[in-house]
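Student: Residue numbers (the numbering used here): 16 to 850.
Even glycine gets a Cβ: it sits at the ideal position worked out from N, Cα and C.
My questions will all concern the structure given below.
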RNA sequence: GCUGCUGUAGCUCAGUGGUAGAGCGCAUCCUUGGUAAGGCUGAGGUCGAGAGUUCAAUUCUCUCCAGCAGCACCA
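Here it is in structure tokens:
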């Protein structure tokens, strides 16, 4: 064995060996238990960043561990390759988006390979491969035929300069993020997926996801936003009627006014003959919608002069147009109960409207005044006619029942979730496979004509969708009547591409999207790992697609990801110069307690530890550190220190320490001696405890704990005297670190003379009998304070422990002749003398 | 405002109803043919604050404080 481990030549050598042995190609026909380990596939932006390295290292350790514990593992990798950055790059660099994308994929694949990930590259694909998106088009048509896809006029953000629709996130302060043009609301015919049909399923399905973080489930629950209440109709004084929705029908007797949104038809009608109302509506529209603005925005209203008749009391309630009522939730109109809703309370206070108590802690408090704010809590109904004395829950049911029997309202469930608009007026996406015919309407492209591919000869540098202005692409004959027709020129939201890619990883027939049998063998994904930023959209869409495909009978699994893990970010310190510009960590140094700029000597502000980003200059390039320290040290660092779900602060000393530990293990491994003899019982126990603990930690994704165990084991083995037991411990340690430091493990395994690859070796079994110590240390306390310890054999009887404790000189001194009132003996743990 | 998570050594984190731990960092010493390094030894903790339960609380319960994150005029 050489004296140092040299990653620069060992890493590549073992990576090639794994390739040649096809170690990580998944066999769908294997009889072993199957395990599908998946990390969220990357967008091919050009370079792997450190967050990818952390994400994929975690999945890799689990995948390698699963291989070693006898599983047939599917651990694939691919590319979420459609999207806007490719179009932007095309504009900036005058290259075709496809060329740019595939070049990035080639580069990033090389980077991933240098990290030694145990990936099945035979199943690699990019979502921009016509083969992949062709199957996606087929699935889209299937969903259309099942009634889960429809078209509807919908208001979109339209950038008049770039001639495109923008996502909400791309509109900043009302302007297009790139053009800076004022964004217009435009009505366009858009494609939608009926995710709302699955709202209840997606909500109740969360309960079955035992191995998902509560945080993510809660976020999805909020997003789906189920609320139950009463929708009912007010008769208005102008002869019309108005529907309102409330989740608090129990407070209906406390309603003192009615309010509609500025965009509500009732408000529009009032504005027709009333300039003042018109001006008020305009003012409402100007209001911002950010959280901060909402926090401080004053409640404003306009009294229409119309009144609404209360269904129970017959009272005439004034009807306001109010800025805090939203058109797109419920019916866009509310009954306002100032006593029990803070917004209504603020409004009523401002406009001098009655504030009536209808819920109180008990009947005696029926006329208790309000303490300056609304009371939203539970209690009993008061001042409320026939529901007086009922609990809030009883009253809700009673009011709904009465409304239904009298025919002026009904119990209703309202969802915050909206149908998913998937139309994008973009080039670099999956073409929506439909044809518009003047005679036949919207006709799906016949499946034998799929894929509908993107034309290559496009000029993307001028604004607008190149598919629209392409000379020939959109002109086709109607598949139904044969007449002249036009292709749909919208492409699909890229979230569609990532909503079913795991199925394509599991099964890749040429003639259909996937094979249901094969999918059944692999799905659901046993462990999915990715960033928390996808907690809602991607994970909800993927759950929806899976359920939709089950609904139309294509697969038999309802939830795609049995277990989800959201890993933390990699962070780094930030530094700012006096002029506010960011400095990289290489440009600064610490002098005493202050930071200074190395070049100029000027003082520098050490900023927060933040997510690595180019703009803040606190990035570390994976390639550079792999070249410097080797893949194993980098992988080890990604796993050590922080728990995987928390942020990991990058540090120079940390990676150096990891590099040293790799060498330290190498020296330890070089002590392996097949001919050593002699038993070391104590070492054996430590070894078997470590085997069990490391395995448990990896299965629980507690990688930092597994790392700590290995540090501990390495110290113990290092200090042990040579023996057959020590050699066994050294060889076993090679296997224990193999999932985390696979290159070092292979090199040592090979140098020690073992056959085969460490990556394919069996995970060392542990002997449960060796997990318990045969000697234990007993604490001896006097009045709960530790006075002495005793080392005794395990399982010693209580009375023997007691007499041993009393015999202790230190204990006698502490007792100091006092009378012992009680003795507490916990076998194998302690003796406590109470005096 | 609502919801969730986190407070243990200088830093990053394990852990436990009964003796407070690891890595890094720091200090001392040794090695100077493992050397842009290796090793020995060591210092360092009111386990966020307070109260309760208990023979015994860092651990269980409650209250509070601080930090982080998500959601939010959702009727």
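1) How would you write the range of the alpha helix (DSSP H) that residue 421 sits in, first residue to last?
2) Let's test the definition: count the other Cβ atoms within 10 Å of the Cβ of residue 307 and tell me whether it reaches 16, buried, or not, exposed.
3) Please report the distance separating the alpha-carbon of residue 685 from that of residue 25.
4) Quick one, are the C-beta atoms of residue 434 and residue 200 less than 8 Å apart?
5) Look at the alpha carbon of residue 550 and the alpha carbon of residue 158, and state the distance between them as a whole number of angstroms.
6) According to DSSP, residue 168 sits in a beta bridge with which residue or residues?
7) For the alpha helix (DSSP H) holding residue 546, just list the boundary residues, first then last.
8) Does the stretch 647-655 come into contact with the stretch 731-738, if we say contact requires no fewer than three beta-carbon pairs (one atom in each stretch) closer than 8 Å?
9) Taking the straight line between their C-alpha atoms, what separation do you get for residue 747 and residue 779?
10) The beta strand (DSSP E) that contains residue 338, what's its start and end?
11) With 16 as the cutoff for other CB atoms within 10 Å, does residue 44 come out buried or exposed?
12) When DSSP labels each residue in this structure, what does residue 71 get in the three-state scheme?
13) If I'm right that residue 398 touches residue 371 with Cβ under 8 Å, what's the distance once you round it to whole angstroms?
14) Quick one: Cα of residue 83 to Cα of residue 691, how far?
15) Could you please give me the residues that DSSP links to residue 278 through a beta bridge?
16) Could you tell me the alpha carbon to alpha carbon distance between residue 741 and residue 725, rounded to whole angstroms?
17) For the stretch 263-276 and the stretch 345-365, state whether three or more C-beta atom pairs, one from each stretch, are separated by less than 8 Å.
18) Roughly how many angstroms separate the alpha carbons of residue 220 and residue 47, rounded to a whole number?
19) Return the chain-ordered ranges of every beta strand (DSSP E) run that is complete within the stretch 735-809 and spans a minimum of 3 residues.
20) Residue 813 lies in the alpha helix (DSSP H); which residues open and close that run?
21) Reducing DSSP to helix, strand and coil, say where residue 306 ends up.
22) Measuring straight from C-alpha to C-alpha, what distance separates residue 12 and residue 78?
23) Specify the secondary structure class of residue 503 as computed by DSSP and reduced to three states.
24) Could you have a look at residue 515 and say whether DSSP puts it in helix, strand or coil?
25) Comparing alpha-carbon positions, which option in 675, 331 and 445 lies nearest residue 505?
26) Whose CA, out of 42, 63, 23 and 112, lies closest to the CA of residue 86?
27) Quick one: using the 10 Å Cβ neighbour count with 16 as the cut-off for buried, is residue 517 buried or exposed?
28) Taking only runs of the beta strand (DSSP E) that begin and end inside the stretch 674-723, which ones reach a length of at least 3 residues, in chain order?
29) Does the beta-carbon distance from residue 431 to residue 213 come in below 8 Å?
30) Within the chosen definition, does the stretch 89-106 reach the stretch 118-132 through at least 3 CB pairs nearer than 8 Å?
31) Considering only C-alpha positions, which residue in the set 281, 367, 380 and 288 is nearest to residue 348?
32) Let me confirm a value: residue 401 is counted as buried when at least 16 other C-beta atoms fall within 10 Å, else exposed. Which label applies?
33) Out of curiosity, what's the CA-to-CA distance linking residue 819 and residue 829?
34) Pair every Cβ in the stretch 312-324 with every Cβ in the stretch 377-391, then say whether three or more of these pairs are closer than 8 Å.
35) Taking three-plus beta-carbon pairs below 8 Å as touching, is the stretch 161-177 in contact with the stretch 103-119?
36) Using the three-state DSSP reduction, which class does residue 227 fall into: helix, strand or coil?
Tutor: Judging by the given coordinates:
1) By one-based count along the first chain, residue 421 stands at place 406. Counting along the chain, the alpha helix (DSSP H) containing residue 421 begins and ends at 407-421.
2) Along the first chain, read from residue 1 onward, the residue named residue 307 stands at position 292. Low confidence applies to residue 307: its pLDDT is 44, below 50, so where it sits in the model is not reliable enough to give any reading.
3) Within the first chain, the letter at position 670 stands for residue 685. Within the first chain, the letter at position 10 stands for residue 25. The straight-line gap from Cα to Cα measures roughly 16 Å.
4) As a position in the first chain, residue 434 is number 419, starting the count at 1. As a position in the first chain, residue 200 is number 185, starting the count at 1. For residue 434 and residue 200, no; Cβs fall outside 8 Å.
5) As a first step, residue 550 must be located in the first chain, where it is residue number 535. As a first step, residue 158 must be located in the first chain, where it is residue number 143. Cα to Cα, residue 550 sits roughly 24 Å from residue 158.
6) Translated into positions along the first chain, residue 168 becomes position 153. Bridge partners of residue 168: 204.
7) As a working note, residue 546 is residue 531 in the first chain. Under the DSSP assignment, residue 546 falls outside any alpha helix (DSSP H), being part of the beta strand (DSSP E) whose first and last residues are 542-546.
8) The stretch 731-738 and the stretch 647-655 do not touch, with fewer than three beta-carbon pairs separated by less than 8 Å.
9) On the first chain, position 732 is the one that residue 747 refers to. On the first chain, position 764 is the one that residue 779 refers to. So the alpha carbons of these two residues sit roughly 7 Å apart.
10) The residue labelled residue 338 in the question sits at position 323 within the first chain. No beta strand (DSSP E) contains residue 338, which DSSP labels as neither H nor E.
11) Locating residue 44 in the first chain gives position 29, where the first residue counts as 1. By the neighbour-count rule (16 or more Cβ atoms within 10 Å), residue 44 is not buried but exposed.
12) Here residue 71 refers to the residue found at position 56 of the first chain. Reduced to three states, the DSSP call for residue 71 is helix.
13) What you label residue 398 is simply residue 383 of the first chain in a count that begins at 1. What you label residue 371 is simply residue 356 of the first chain in a count that begins at 1. With a Cβ gap of about 6 Å, residue 398 and residue 371 count as contacting.
14) For this step, residue 83 is matched to residue 68 along the first chain. For this step, residue 691 is matched to residue 676 along the first chain. In a straight line, the C-alpha of residue 83 is about 27 Å away from that of residue 691.
15) Here residue 278 refers to the residue found at position 263 of the first chain. Per DSSP, none; premise fails for residue 278.
16) Position 726 of the first chain, counted from the first residue, corresponds to residue 741. Position 710 of the first chain, counted from the first residue, corresponds to residue 725. Cα to Cα, the separation comes out at about 15 Å.
17) At 8 Å Cβ cutoff, the stretches touch.
18) Here the question's residue 220 lines up with position 205 in the first chain. Here the question's residue 47 lines up with position 32 in the first chain. Each residue's alpha carbon lies about 29 Å from the other.
19) Taken in chain order, the unbroken stretches of beta strand (DSSP E) that lie wholly in the stretch 735-809 and span 3 residues or more are 790-797 and 800-808.
20) The residue labelled residue 813 in the question sits at position 798 within the first chain. Taken as a continuous stretch (DSSP letters only), the alpha helix (DSSP H) holding residue 813 covers 813-822.
21) Working through the first chain from its first residue, we reach residue 306 at position 291. Only weak support is given to the placement of residue 306: the predicted model assigns it a pLDDT of 41, under 50, and the question is left unresolved by the model.
22) Nothing about residue 12 can be reported from this structure: the residues present for the chain run from 16 to 850 only.
23) Along the first chain, one-based indexing puts residue 503 at 488. Three-state DSSP puts residue 503 in coil, outside helix and strand.
24) To locate residue 515, count along the first chain from 1; it is residue 500. Residue state, collapsed to three classes: coil.
25) Counting from 1 along the first chain, the entry for residue 505 is found at position 490. Each of 675, 331 and 445 was checked against the Cα of residue 505, and the nearest Cα belongs to 445.
26) Your numbering for residue 86 matches position 71 in the first chain. Put simply, of 42, 63, 23 and 112 the residue whose alpha carbon is nearest the alpha carbon of residue 86 is 42.
27) Position 502 of the first chain holds residue 517. Classification for residue 517: buried.
28) Not a single unbroken stretch of the beta strand (DSSP E) spanning 3 or more residues falls wholly within the stretch 674-723.
29) Walking along the first chain from the start, residue 431 turns up at place 416. Walking along the first chain from the start, residue 213 turns up at place 198. Taking 8 Å as the cut-off, the Cβ atoms of residue 431 and residue 213 do not count as close.
30) A contact exists between the stretch 89-106 and the stretch 118-132.
31) As a working mapping, residue 348 is identified with position 333 in the first chain. The option with the nearest alpha carbon to residue 348 is 281.
32) The sequence position of residue 401 within the first chain is 386, counting from 1. Here residue 401 is exposed. Its C-beta has fewer than 16 other C-beta atoms within 10 Å.
33) Locating residue 819 in the first chain gives position 804, where the first residue counts as 1. Locating residue 829 in the first chain gives position 814, where the first residue counts as 1. So the alpha carbons of these two residues sit roughly 15 Å apart.
34) Segments in contact, no.
35) With a cut-off of 8 Å, the stretch 103-119 and the stretch 161-177 do not count as touching, because too few Cβ pairs lie within range.
36) Position 212 of the first chain, counted from the start, is the residue given in the question as residue 227. Coil at residue 227, not helix or strand.
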